[in-house]
């Protein structure tokens, strides 16, 4: 039924035995100011990075996210965060899940970030992050952040649970030809301003002239221009969801129109001589207004892999 299951008790003992203070006395001196070790031993006693210790689980008929999480001593949100394809609550037999040795999630590291920067952002300790990620000599592009409190508190993370998404109204890729995500949702480095910025959506590069289509059935709420995004189309869907389509040309609908999933809305804007782009957002209605969410939590093909 499963493959390569971890020895959870062994993993816990290993994590405890390499406590920050003991480990750092062996490796070198930690600088809180820079977020780096000033020296370290090549004979490191660090465990392998968590992201190299993931095991796999083949979903069997009748299993649920909750039951699989319980089997491995994890919280369901950990499985959702590490397996974007199931973040809409859908789980089918034969799906292969990645299972970590303990709770947490993998995150991309913005350029120039230190361990201390990550620790501050995620409410943990820099030396612990350094240890569970294998004590690397240089900052990896992706790291594992242990714990789940920051996931639970951050509604724009991969916390779209099975209960909240049993009937996801977004069922369709927003383009007639699949493309490549060239700018992700969330915090990232702006290459022009050389600073961290938050992107409320994603940018997808695809073939020239590709049609932009509705990601689900809904009502056209806005067709017009935005000072930053150019031409913008907004569609309201059931369950308080909204999708936004920008960097587009030739809108083919009007405010108030009812559209079906896959119905053409516009065409993409040329980006290069051979490609075009779409900027796409998913938002949910709340007492704070329309709050941006990760599109990959609703449309698996747009999830960061």
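Residue numbers (the working numbering): 8 to 312.
Backbone N, C-alpha and C fix where the C-beta goes; we use that ideal spot for every residue, glycine too.
- Of 275, 278, 249, 52, the smallest CA-CA separation from residue 227 is found for 249.
- Rounded to whole angstroms, the separation of the alpha carbons of residue 70 and residue 100 is 8 angstroms.
- Sixteen is the threshold: when 16 or more other Cβ atoms of the shown chains lie within 10 Å of the Cβ of residue 299, as they do, the residue is buried.
- Annotation: residue 135 is outside any beta strand (DSSP E); the continuous alpha helix (DSSP H) that includes it extends over 133-139.
- A check of alpha carbon separations from residue 213 across 52, 54, 287, 305 identifies 287 as the nearest.
- Remark: C-beta atoms of residue 284 and residue 219 do not approach each other more closely than 8 angstroms.
- Counted as a single uninterrupted DSSP element, the alpha helix (DSSP H) harbouring residue 123 occupies residues 122-129.
- The Cβ atoms of residue 123 and residue 113 do not sit closer than 8 angstroms to each other.
- In this structure, residue 154 and residue 131 form a Cβ contact; the two beta carbons are roughly 6 angstroms apart against a cut-off of 8 angstroms.
- Boundaries for residue 226: no alpha helix (DSSP H) harbours it, while the beta strand (DSSP E) harbouring it runs 225-233, taken from the DSSP string.
- Residue 262 carries a coil assignment under DSSP once its states are collapsed to helix, strand and coil.
- The Cβ atoms of residue 291 and residue 247 sit closer than 8 angstroms to each other.
- Across the structure, residue 87 and residue 93 are spaced so that their CA atoms are roughly 6 angstroms apart.
- Per DSSP, the unbroken alpha helix (DSSP H) holding residue 84 starts and ends at 83-89.
- Short of 8 angstroms from the beta carbon of residue 266, and not among the five residues preceding or following it, lie these beta carbons of its own chain, in chain order: 221, 224, 225, 226, 227, 242, 260, 272.
- Taking the Cα positions, residue 282 is about 45 angstroms away from residue 53.
- Around the beta carbon of residue 229, a 10 Å sphere encloses fewer than 16 other beta carbons of the protein chains shown; the residue is thus reported as exposed.
- With 16 or more other Cβ atoms from the protein chains shown falling within 10 Å of its own Cβ, residue 76 counts as buried.
- In the DSSP assignment, no residue is bridged to residue 200.
- Here residue 191 is not near residue 207, since their CB atoms are 8 angstroms or more apart.
- Ranked by how close their Cα comes to the Cα of residue 143, the residues 184, 56, 74 have 56 in first place.
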